[in-house]
Amino acid sequence: GAGVSQTPSNKVTEKGKYVELRCDPISGHTALYWYRQSLGQGPEFLIYFQGTGAADDSGLPNDRFFAVRPEGSVSTLKIQRTERGDSAVYLCASSLDRGGTQYFGPGTRLLVL
Amino acid sequence: KNEVEQSPQNLTAQEGEFITINCSYSVGISALHWLQQHPGGGIVSLFMLSSGKKKHGRLIATINIQEKHSSLHITASHPRDSAVYICAVRNTDKLIFGTGTRLQVFP
Chain G
1 GAGVSQTPSN KVTEKGKYVE LRCDPISGHT ALYWYRQSLG QGPEFLIYFQ
51 GTGAADDSGL PNDRFFAVRP EGSVSTLKIQ RTERGDSAVY LCASSLDRGG
101 TQYFGPGTRL LVL
Chain F
1 KNEVEQSPQN LTAQEGEFIT INCSYSVGIS ALHWLQQHPG GGIVSLFMLS
51 SGKKKHGRLI ATINIQEKHS SLHITASHPR DSAVYICAVR NTDKLIFGTG
101 TRLQVFP
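As you go down the protein sequences, you meet chains G and F in turn. Mapping of the first sequence onto our numbering: residues 1 to 113, in sequence order. Mapping of the second sequence onto our numbering: residues 1 to 107, in sequence order.
Structure representation (C-alpha cells):
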C-alpha cells in the first residue's frame, strides 16, 4: 500500500517568503508528526497531531511556524517570513494510533537563499 | 548534554564483521526505536522495543531499562547495511532522536 508522501520533494525559496509543505499520511493513520532535520543532525520534533487537533506543538521554534490538519488526514506545515536558518529537511511521519510505529515520508528539502 | 547519545558517531567495517551501535538516554521513555536512514533521507523503522531483545534477520536490538541503554547489533555485515542508524526514544507522544551513527561497510 501507499506509504507517507510529502510534497514538494525540494523547495528553494528566498529569505522572507512564505512556504507550505504538504504531508499525506498512510490512510487510516490517526497520528501525524512533523520533524525537522538539519545537516548532520538527528531529526527534531516539531508538532504532533492526533486527528484534527495539535496534541503537542512544543517543538515549533517560533510563531513563524504553523501546521494544520483540518480533516484529520493531510497536513500542511506553513512557514512565514522564511529565514536562512530554516533550511533543513522537513520530515513527516504517521502512525496508526498514538504510540504506534511511526512510518516516515521521504521528506521535503527546504533551502532558503 | 543531549538527551539521547549514540556511539560511535562514525563506524567503518569490513564485510562480514559484527557491528555494535550504542545508545544511552537520560529521560523517561515508553519505548525506544532504532531507525535506518539511507542517503537521500528516507527513514525506515527497524525496531520498537520497551524491554528485552528483538531480532529481525541479521539485526538484533536490546534494551536495558534500568541502565537506560540500548544496543543495535548487525551480524555478518554487508555493504548494503551502509547507512545512518538513529536511536530515538518516545517521551510522551514525541520522539527524541540521537544524532545517528554513520556506518560504512566495505567489501
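No residue lacks a Cβ here, since even glycine has one placed at the ideal position from N, Cα and C.
CA-to-CA distance, residue 7(F) to residue 23(F), given in whole angstroms
Looking up residue 23(F) in the second sequence gives position 23. Looking up residue 7(F) in the second sequence gives position 7. Their Cα atoms are separated by approximately 7 Å.
Outcome for residue 32(G) when other beta-carbon atoms lying within 10 angstroms are tallied against a minimum of 16:
Taking the first residue of the first sequence as 1, we reach residue 32(G) at position 32. Classification of residue 32(G): buried, given that the 10 Å Cβ count is 16 or more.
Using a Cβ distance threshold of 8 Å, determine whether the region 73 to 86 of chain G contacts the region 13 to 30 of chain F, with at least three qualifying pairs required.
no
Is the CB of residue 95(F) under 9 Å away from at least one CB in chain G?
Stepping through the second sequence from its first residue, residue 95(F) is reached at position 95. Taking Cβ atoms only, chain G reaches closer than 9 Å to residue 95(F), which makes this a yes.
Between the region 83 to 107 of chain F and chain G, which residues of the former have CB atoms less than 8 Å from a CB of the latter, in chain order?
86, 88, 90, 92, 93, 94, 95, 96, 97, 98, 99 and 100
Less than 9 Å separating the beta-carbons of residue 34(G) and residue 67(G)?
Within the first sequence, numbered from 1, the residue matching residue 34(G) stands at position 34. Within the first sequence, numbered from 1, the residue matching residue 67(G) stands at position 67. Contact flag set, yes.
8 Å Cβ shell around residue 106(F) - same chain, five flanking residues per side excluded:
Looking up residue 106(F) in the second sequence gives position 106. Same-chain partners within the cutoff: 12, 13, 14, 15 and 79.
In the structure shown, what three-state DSSP assignment does residue 28(F) receive?
In the second sequence, residue 28(F) corresponds to position 28, counting from 1. Residue 28(F) falls in the coil class under three-state DSSP.
Cα separation between residue 7(G) and residue 34(F)?
Walking along the first sequence from the start, residue 7(G) turns up at place 7. Walking along the second sequence from the start, residue 34(F) turns up at place 34. In a straight line, the C-alpha of residue 7(G) is about 26 Å away from that of residue 34(F).
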